[in-house]
Amino acid sequence: MNKSRPILWLLIIAAVASAGYYGWQKFGTFEAGKTQTAQKGPPRPSAVPVSVAPVQKTDFPVYLTGLGTVQGFNTVQVRSRVDGQIDKLEFREGQIVKQGDLLVSIDPRPYQAALDQAKAKKAQDEASLANANLELQRATKLGEFATAQRVDTQRSTVAQLTAQIAADDAAISNAQTQLDYTQIKAPITGVAGLRQVDIGNIVNASSQTAIVTISQVEPIAVIFTAPEDQLPYISEGQKAGALKVIAFTTDGKRTLAEGKLAVINNQVDATSGTIRLKAVFDNKERTLWPGQSVSTRLLVRTLKDATVVPDDAVQRSTNGLYAYTVNQDNKAELHKIKVSYGIDGHSVIEEGLSPGQQVIVGGQFKVQPGNLVSTAVASSDPTQNKVRQQ
């Protein structure tokens with residue numbers, strides 16, 4: 373027991389010394405931290421990262437957007453004009469046929485017989501006319517030995533037979549026409565659709581079923597609508613020349629063809645408040661097809677020196693539209709704005725912004741008026757934009 377006491381006291385003294393040293397270290401570090409914090413002052417607010425784009429001044433084309441349907445410039449349902457059995461089909465479905473190409477051959481034998489009969493009838497009447505003329509000459513030469521009645525009767529016979537030959541010529545022409553109808557030819561140049569009748573079938577002139585439908589696709593037409601309140605702008609634009617129309621896929625992502633406005637319908641649809649328009653496209657690449665649905669854009673006019681910003685800069689609230697700009701001190705400023713047109717990622721600003729300002733197009737949800745911001749420039753190219761009225 374006596375030997376263990378000194379060891380115990382040594383352990384107690386070592387523990388107290390360690391605790392004192394640890395407390396001194398903690399207290400000294402804490403005091404140093406307080407001193408440094410006091411020297412630095414309150415922390416500065418961090419800048420909000422945003423993307424910006426310039427407010428630009430440029431000519432801006434104004435387009436009216438709509439939906440349209442492609443139609444063949446001319447569409448013909450090919451039917452038979454005579455009765456008979458189909459001997460041959462001279463076309464393929466989907467083939468480009470030219471005007472005058474043979475499409476269908478109908479059994480011509482009955483019509484050839486009718487033509488031959490008409491020709492034989494004419495030859496018979498011509499022989500009768502020749503004999504009547506000889507009889508008339510004989511009667512005339514007899515002079516006073518022939519009665520006047522005989523001469524008059526013979527002259528009448530000659531006139532009747534002459535008229536009969538004229539009727540024979542008409543009958544021959546009709547028979548030839550009926551025979552020609554057995555060769556059905558393409559009335560226009562276009563694309564042949566699916567055939568409705570096969571070889572060996574009997575067709576009738578009175579039938580309402582077409583053998584095939586041909587649609588002209590070069591050029592081709594698109595029928596679409598526009599709001600009636602835009603009619604004055606369309607009419608005014610047409611005075612300077614045909615207005616440009618662009619056809620897109622229905623999702624608006626791919627341009628199909630460019631054409632010209634050809635026709636404004638003669639009346640407005642009172643039910644929908646729209647007017648039907650017809651545009652014509654050359655369609656050399658055949659990107660448009662009859663019956664196809666397309667999205668259309670009609671160039672109405674071009675705004676000169678318009679103030680243009682990306683759509684992402686335009687924000688909406690219960691108080692209306694607004695946008696943030698960045699001033700020279702890199703602080704955000706709120707501007708109430710008025711937008712007149714907007715499509716394809718850009719908007720035309722009527723009030724609230726000026727060319728040369730930098731508008732925030734990304735990161736606005738973190739921004740408050742007066743916030744310090746750090747900027748990165750976003751891409752902006754308004755020269756390629758097409759707009760519609762809002």
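Using my numbering, read the sequence shown as starting at 373 and increasing by one per residue.
Backbone N, C-alpha and C fix where the C-beta goes; we use that ideal spot for every residue, glycine too.
> Going by alpha carbons, who is nearest to T529 out of R669, A504, A539?
Replying inline: A504
>> Do I556 and T452 have their beta-carbon atoms positioned less than 8 Å apart in this structure?
In response: Before going further, note that residue 452 is Ser rather than Thr in the sequence given. Yes, these two residues count as a Cβ contact at 8 Å.
>> Among the candidates I583, S578, I574, whose CA atom is the shortest distance from the CA of Q568?
In response: I583
>> Just to check my reading of the structure: S477 and T554 have Cβ atoms closer than 8 Å, yes? What is that Cβ distance to the nearest angstrom?
In response: 7 Å
> Which word fits R669, buried or exposed, when buried means at least 16 other C-beta atoms lie within 10 angstroms of its C-beta?
Replying inline: buried
>> Here's the rule I'm using: 16 or more other beta-carbon atoms within 10 Å means buried, otherwise exposed. How should I574 be labelled?
In response: exposed
>> I'd like the list of long-range same chain contacts for G692, defined as Cβ closer than 7 Å, with 5 residues on each side in sequence excluded.
In response: K708
> Cβ atoms of S423 and A748: under 8 Å apart, would you say?
Replying inline: yes
>> Within 10 Å of its beta-carbon, does N655 have 16 or more other beta-carbons around it, so buried, or fewer, so exposed?
In response: buried
> Helix or strand or just coil, what does DSSP make of K758?
Replying inline: Confidence at K758 is low in this model, with a pLDDT of 42, below 50, so its placement is unreliable and no value can be given for it.
>> At the level of alpha carbons, what is the spacing between K710 and E723?
In response: 5 Å
> Can you tell which of V563, D541, Y483 has its C-alpha closest to the C-alpha of T447?
Replying inline: V563
>> Given this structure, state the Cα-to-Cα distance separating A539 from G663, to the nearest angstrom.
In response: 48 Å
> Between the region 604-623 and the region 631-644, do at least 3 Cβ pairs fall closer than 8 Å?
Replying inline: yes
> What does a CB cutoff of less than 7 Å around R626 pick up in its chain, not counting 5 residues either side in sequence?
Replying inline: F620
>> If distances are taken between C-alpha atoms only, which option among R658, I606, I537 comes closest to I647?
In response: I606
> Curious, which full-length beta strand (DSSP E) runs of at least 3 residues does the region 602-683 contain?
Replying inline: 616-620, 627-641, 646-653, 665-682
> Does DSSP put A504 in a helix, a strand or coil?
Replying inline: helix
> Roughly how many whole angstroms lie between the Cα atoms of A543 and Q550?
Replying inline: 11 Å
>> Cutting at 6 Å between CB atoms, please list the residues of its own chain near P559, excluding the five before and the five after it.
In response: V448
> Does the region 673-685 come close enough to the region 428-436 to have 3 or more Cβ pairs within less than 8 Å?
Replying inline: yes
> Which partner residues of V469 appear in the DSSP bridge assignment?
Replying inline: G562
> Where does Q736 land, buried or exposed, given buried means 16+ other C-beta within 10 angstroms?
Replying inline: buried
> Can you tell me the Cα-Cα spacing of N702 and T597, whole angstroms?
Replying inline: 47 Å
> Beta carbon of V731, beta carbon of V681: below 8 Å?
Replying inline: yes
> Going by Cα to Cα distance, which pick from G444, G440, I458, A486 is closest to V666?
Replying inline: G440
> What does a CB cutoff of less than 8 Å around Q548 pick up in its chain, not counting 5 residues either side in sequence?
Replying inline: L487
>> Suppose the cutoff is 7 Å on Cβ atoms and the five residues either side in sequence are ignored; what does the same chain contact list for I458 look like?
In response: V476, I478, V569, I571, G572, N573, V575
> Taking the beta strand (DSSP E) that S423 falls in, what are its first and last residues?
Replying inline: 420-426
> In three-state terms, what does DSSP make of Q536?
Replying inline: helix
> With contact counted as at least three CB pairs below 8 Å, one residue from each stretch, are the region 487-496 and the region 459-467 in contact?
Replying inline: no
>> Measuring only the C-alpha atoms, how far is K491 from Q536?
In response: 12 Å
>> Is the separation between the beta-carbon of G742 and that of A704 shorter than 8 Å?
In response: yes
> Going by Cα to Cα distance, which pick from R673, L436, Q687, K650 is closest to I592?
Replying inline: K650
> For I544, which of helix, strand or coil comes out of DSSP?
Replying inline: helix
> Which same chain residues, not among the five before or five after R527, have their C-beta less than 7 Å away from its C-beta?
Replying inline: L508
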